[in-house]
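Only one structure is covered here, and it is reproduced in the block below.
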Amino acid sequence: MEHKTMKIITTDYNSDIYWRENIVPITPVGSMNIINVYPEITGQEIEGFGGAFTESSGYNYAGLDPKAKAQFLQAYFTPEGLNYQLGRTHINSCDFALSNYAAVSDEADREFKTFTLEREKEYILPLIKDALQRCGNELKFILTPWSPPAFMKTNGEMNNGGRLKAEHQSTWARYIARYIKEMQAQGLDIQYLTVQNEPAAVQTWDSCCFSAEEEMEFVRDYLGPTLESQGLSSVKILIWDHNKEVVYERASTILADRKAASYIYGIAVHWYTGDHFEGLSLVKDQYPDKQIFFTEGCIEFSRFKDDQIGNAEMYAHDMIGDFNHGLSAFLDWNLLLDANGGPNHAKNYCAAPIICTSDKSRIEKKLSYYYIGHFSRYIQKGARNIAFTKYCSEVEVTAFQNPDGQRVLVLLNRCQRNLPVTIREQARGADLTLQPNTIATICY
Numbered sequence: 012m013e014h015k016t017m018k019i020i021t022t023d024y025n026s027d028i029y030w031r032e033n034i035v036p037i038t039p040v041g042s043m044n045i046i047n048v049y050p051e052i053t054g055q056e057i058e059g060f061g062g063a064f065t066e067s068s069g070y071n072y073a074g075l076d077p078k079a080k081a082q083f084l085q086a087y088f089t090p091e092g093l094n095y096q097l098g099r100t101h102i103n104s105c106d107f108a109l110s111n112y113a114a115v116s117d118e119a120d121r122e123f124k125t126f127t128l129e130r131e132k133e134y135i136l137p138l139i140k141d142a143l144q145r146c147g148n149e150l151k152f153i154l155t156p157w158s159p160p161a162f163m164k165t166n167g168e169m170n171n172g173g174r175l176k177a178e179h180q181s182t183w184a185r186y187i188a189r190y191i192k193e194m195q196a197q198g199l200d201i202q203y204l205t206v207q208n209e210p211a212a213v214q215t216w217d218s219c220c221f222s223a224e225e226e227m228e229f230v231r232d233y234l235g236p237t238l239e240s241q242g243l244s245s246v247k248i249l250i251w252d253h254n255k256e257v258v259y260e261r262a263s264t265i266l267a268d269r270k271a272a273s274y275i276y277g278i279a280v281h282w283y284t285g286d287h288f289e290g291l292s293l294v295k296d297q298y299p300d301k302q303i304f305f306t307e308g309c310i311e312f313s314r315f316k317d318d319q320i321g322n323a324e325m326y327a328h329d330m331i332g333d334f335n336h337g338l339s340a341f342l343d344w345n346l347l348l349d350a351n352g353g354p355n356h357a358k359n360y361c362a363a364p365i366i367c368t369s370d371k372s373r374i375e376k377k378l379s380y381y382y383i384g385h386f387s388r389y390i391q392k393g394a395r396n397i398a399f400t401k402y403c404s405e406v407e408v409t410a411f412q413n414p415d416g417q418r419v420l421v422l423l424n425r426c427q428r429n430l431p432v433t434i435r436e437q438a439r440g441a442d443l444t445l446q447p448n449t450i451a452t453i454c455y
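Counting along the sequence shown from 1, when you hit position 412 you're at 423 in the numbering used here, and nothing is skipped either side.
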């Protein structure tokens, strides 16, 4: 290893010090407390980091004063902030919208003559366009439906689950294609599409159920061919878009059909039922040509208390585990919520890395914001996950090599004691001590 110095970036919540950089020399090292790095052994390529442009986030953003808006945009969409390159937004409404809505509500309108982005133009698109301007149009987008219009569903409403009516499978596929084109016309680079948000969940908000067989058949017979026929083959389809505990079962059922698999780019996952990192490895081992995206996770107020360190560590622990088991992209949930965790038309409130004060005069960055930054600021698009070994289970580690050859390691200590660590590559490296409940990023 010819490198002479190593950069160590740390965050100390107790001292209000975030992303503090320290340069240390690289010297010969011993054999104790070692984290070995093997950049010649590579895994998946990283496609980026991002968050969700929901109507709720757009509504909160619209109410900010100009100074707070500028701070928000810099916080997410510049290299000095989280350096986000990906965005997710919803087709029709989701729970983090002001109410249910759809671009077409008239069952008789099979040609979509009444199609409108009126709701998107009020809050979502202004936020997206400001973000695009701030980052030089570098954002790539994932579109996700929570529910088809009510008339296409078996229960006759957008909420409370239900299923897509058999006679509307072609209609819904054409609707999705139309939505993609309309959003492209607004200046969005639509790179990805998930088939259905949380297709195994009956929610009191916008939701629609698909079995694995139904999702496979919809992709194979309707969605894939429709995108192809309408010149949208470049939009990459992701299946599942739900929790990790059954990701292998879901993926193996759908991908067993060769025609369906030919349309599918990858699998999207959430975190709400626990780690299940091994499920990602099972998918990656069996289907190495398919990518795995994390598309949603948040701290739900119904389940978790306002514990800044615990919440931030939840993010870092999940990101480390996911990346070590094949993840290619990480997208957080809402970009901006109010102090109550909304608005949300179903009262399904949650935390966000940035919130706005009740008077909308300023924004506040939570500790989770800085923990996400330990990954997104330093791991570049095109980086490769690389191999490592570590001396103990208490220190959590993930490692990457950026396209320019820079190594990036993220280390997490969730313990109540100091953890000594020596970063080592080819018998040389540097020593550091991870303080209790801290995170560190190492670059060299």
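Glycine is no exception: its CB is placed at the ideal position from the N, C-alpha and C atoms.
- Note on geometry: alpha-carbon atoms of N396 and T306 lie some 19 angstroms from one another.
- Assignment of L266 by DSSP, reduced to helix, strand and coil, places it in the helix class.
- A straight line joining the alpha-carbon of A357 with that of G332 spans about 31 angstroms.
- Here DSSP, grouped into helix, strand and coil, assigns E58 to coil.
- Distance from the CA atom of D268 to the CA atom of T16, rounded to whole angstroms, is 51 angstroms.
- DSSP, read as helix, strand or coil, puts V257 in helix.
- P50 and Y190 have their C-alpha atoms spaced approximately 42 angstroms apart.
- Beta-carbon to beta-carbon, V294 and Y259 are separated by about 5 angstroms, close enough to satisfy the 8 angstroms threshold.
- Going by beta carbons, L75 and K371 fall inside the 7 angstroms limit.
- When secondary structure is reduced to three states using DSSP, N25 falls in the helix class.
- Taking a cut-off of 8 angstroms on C-beta distances, the region 133-142 does not touch the region 175-187, as fewer than three cross pairs fall below it.
- Put simply, the region 78-92 does not touch the region 112-125. Fewer than three CB pairs are less than 8 angstroms apart.
- Less than 7 angstroms divides the Cβ of D200 from the Cβ of K151.
- With a beta-carbon spacing of about 7 angstroms, N322 and L378 fall inside the 8 angstroms limit used to define contacts.
- Below 8 angstroms, enough C-beta pairs join the region 215-222 and the region 165-172 to call them touching: three or more.
- Assigned with DSSP and collapsed to three states, G147 falls in coil, not helix or strand.
- Three or more pairs of CB atoms, one per stretch, sit closer than 8 angstroms, so the region 94-102 contacts the region 152-159.
- Here DSSP, grouped into helix, strand and coil, assigns T65 to coil.
- I310 is not a Cβ neighbour of I275, given a cutoff of 7 angstroms.
- In this structure, DSSP gives N424 an extended state, which the three-state scheme calls strand.
- Secondary structure note for R189: its alpha helix (DSSP H) is the uninterrupted segment Q180 to A196.
- Take the alpha-carbon of L346 and the one of N208: they are about 18 angstroms apart.
- The straight-line gap separating the alpha-carbon atoms of M330 and L234 is approximately 31 angstroms.
- At the C-beta level, L430 and E407 stay beyond 7 angstroms of one another.
- Here the alpha carbons of P137 and Y70 stand approximately 10 angstroms from one another.
- Using a C-beta cut-off of 8 angstroms, the region 56-73 makes no contact with the region 432-450, since fewer than three inter-stretch Cβ pairs fall below that distance.
- Spanning the alpha carbons of I383 and E118 requires a straight line of approximately 43 angstroms.
- Spatial neighbours of H336 in its own chain (CB-CB distance under 6 angstroms, excluding positions within 5 residues in sequence) are listed in chain order as F288, L291 and S292.
- Here the alpha carbon of C105 sits roughly 7 angstroms from the alpha carbon of N111.
- In this structure, F312 sits near G352, with a CB-CB distance shorter than 7 angstroms.
- In the three-state reduction of the DSSP assignment, S339 falls in the strand class, which pools E and B.
- The beta carbons of G440 and T433 sit closer together than 7 angstroms.
- Residue environment analysis places S240 among the exposed positions, since fewer than 16 neighbouring C-beta atoms fall within 10 angstroms of its C-beta.
- Distance from E256 to G285 at the Cβ level is roughly 7 angstroms; contact confirmed, criterion being Cβ atoms closer than 8 angstroms.
- I19 sits close to I453, with the two beta carbons spaced by under 7 angstroms.
- For R99, the beta-bridge partners assigned by DSSP are A63 and I153.
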